[in-house]
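Worksheet: the structure to be examined is printed underneath.
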Amino acid sequence: MNRSLLVWLCGASLLALMLAGAAQDEEQETMAEMWYQRLLSHEGSLPETALELSAHRKALAQAVTQMINDREMREQHPEVVGAAMALAGDLQLIGCIPALAENIKFRAVRPSGLISERIEFYPAGLALTRMGFASVPALVSLVKSDDADETTLAIFALCRLPHKNLILDVLKAEQARTTSEVTAAKLASALSIVDTARMDEERLRPKSDKGTSAAIPEGEN
Numbered sequence: 000m001n002r003s004l005l006v007w008l009c010g011a012s013l014l015a016l017m018l019a020g021a022a023q024d025e026e027q028e029t030m031a032e033m034w035y036q037r038l039l040s041h042e043g044s045l046p047e048t049a050l051e052l053s054a055h056r057k058a059l060a061q062a063v064t065q066m067i068n069d070r071e072m073r074e075q076h077p078e079v080v081g082a083a084m085a086l087a088g089d090l091q092l093i094g095c096i097p098a099l100a101e102n103i104k105f106r107a108v109r110p111s112g113l114i115s116e117r118i119e120f121y122p123a124g125l126a127l128t129r130m131g132f133a134s135v136p137a138l139v140s141l142v143k144s145d146d147a148d149e150t151t152l153a154i155f156a157l158c159r160l161p162h163k164n165l166i167l168d169v170l171k172a173e174q175a176r177t178t179s180e181v182t183a184a185k186l187a188s189a190l191s192i193v194d195t196a197r198m199d200e201e202r203l204r205p206k207s208d209k210g211t212s213a214a215i216p217e218g219e220n
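So the sequence shown is numbered by numbering that gives the first Met the number 0: it starts at 0 and just counts up by one.
See below:
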């Protein structure tokens, strides 16, 4: 895909998000009404409509992934790449997860040289937290990384995800499989930090909500 088209695509997406503001609810209602009328009138079969939407999502995920993986784009147009990462997270384009994980240290603004404890400063990491449980395997792989900064950011991201009991199970299983003492130590650290985040959430959760659990949402490509 032409690079200028990619820049336009993500730039237009970012502009659309910025301009949404107060009109977002009204626009959503309008779109919902459009789809309601389309379904009501049987304009095209439902399977065809689903395939059409799926094809658009896959094409967008491919375009976003291409932009994220373009080193020149990351260096010369970091704000555009950051917007593309945010778009992937907002739309839960799980096909972008590998590229987001590989570039978890990317920052759209000039870094201070220190890893911040706020995942919000890292658009790829923030996008992964918005993917939900689908991003857990990639994040657990980063916990085992030889790059200490990647490990740190992956743990920050895991702490922002729901379903921490399941995340702990994944970390424990990974720890049981590893034969490396160094990797086991990293996983043990992640287990401790994520479990602390889980207990903090339990303390802050209203009593009426305790004992309830939400189903894990299925991701979409």
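By construction, the Cβ of each residue, glycine as well, lies at the ideal position given by its N, Cα and C atoms.
Only a predicted model underlies this, so the values are computations on that prediction, with no experimental measurement involved.
Relative to the C-alpha of residue i, which residue among the options is closest?
| i | options | result |
| --- | --- | --- |
| Lys171 | Ile118, Lys143, Lys57 and Thr151 | Lys143 |
| Val79 | Gln91, Val181 and Ala62 | Ala62 |
| Met130 | Pro122, Ala98, Asp89 and Ile103 | Asp89 |
| Arg197 | Gln75, Ala147, Thr178 and Leu165 | Leu165 |
| Val204 | Ala183, Val135 and Pro161 | Correcting the residue identity first, residue 204 is Arg in this sequence and not Val. The candidate whose alpha carbon is nearest that of Arg204 is Pro161. |
| Pro122 | Glu201, Arg73 and Asp145 | Arg73 |
| Val169 | Glu51, Ala189 and Ser179 | Ala189 |
| Gly124 | Asp145, Ala82 and Arg202 | Ala82 |
On the premise that residue j lies in contact with residue i, defined as a C-beta separation below 8 Å, what is that separation, rounded to the nearest angstrom?
| i | j | result |
| --- | --- | --- |
| Ala49 | Ile96 | Between Ile96 and Ala49 the Cβ distance is about 22 Å, and since that is not below 8 Å, they are no contact. |
| Leu167 | Val193 | 6 Å |
| Leu92 | Arg56 | 7 Å |
| Leu127 | Ala100 | 7 Å |
| Leu141 | Thr150 | 7 Å |
| Ala98 | Thr64 | 5 Å |
| Ala133 | Gly94 | Contact doesn't hold; Cβ gap of about 10 Å is too wide. |
| Lys104 | Asp148 | 6 Å |
Quick check on residue i: does DSSP put it in helix, strand or coil?
| i | result |
| --- | --- |
| Pro77 | helix |
| Pro205 | coil |
| His162 | coil |
| Thr240 | Any question about residue 240 goes unanswered here, given that the chain covers just 0 to 220. |
| Asp199 | helix |
| Asp194 | helix |
| Ser188 | helix |
| Asp168 | helix |
| Asp177 | Rather than Asp, the amino acid found at residue 177 in this sequence is Thr. Correct three-state label for Thr177: coil. |
| Ser40 | coil |
| Ser212 | The predicted position of Ser212 is uncertain, since its pLDDT is 48 and thus under 50; a value taken from the coordinates is nonetheless stated next. The answer is coil: DSSP assigns Ser212 none of H, G, I, E or B. |
Where are the alpha helix (DSSP H) runs, 4 residues long or more, that stay fully inside the segment 81-149, in chain order?
96-101, 122-129 and 135-142
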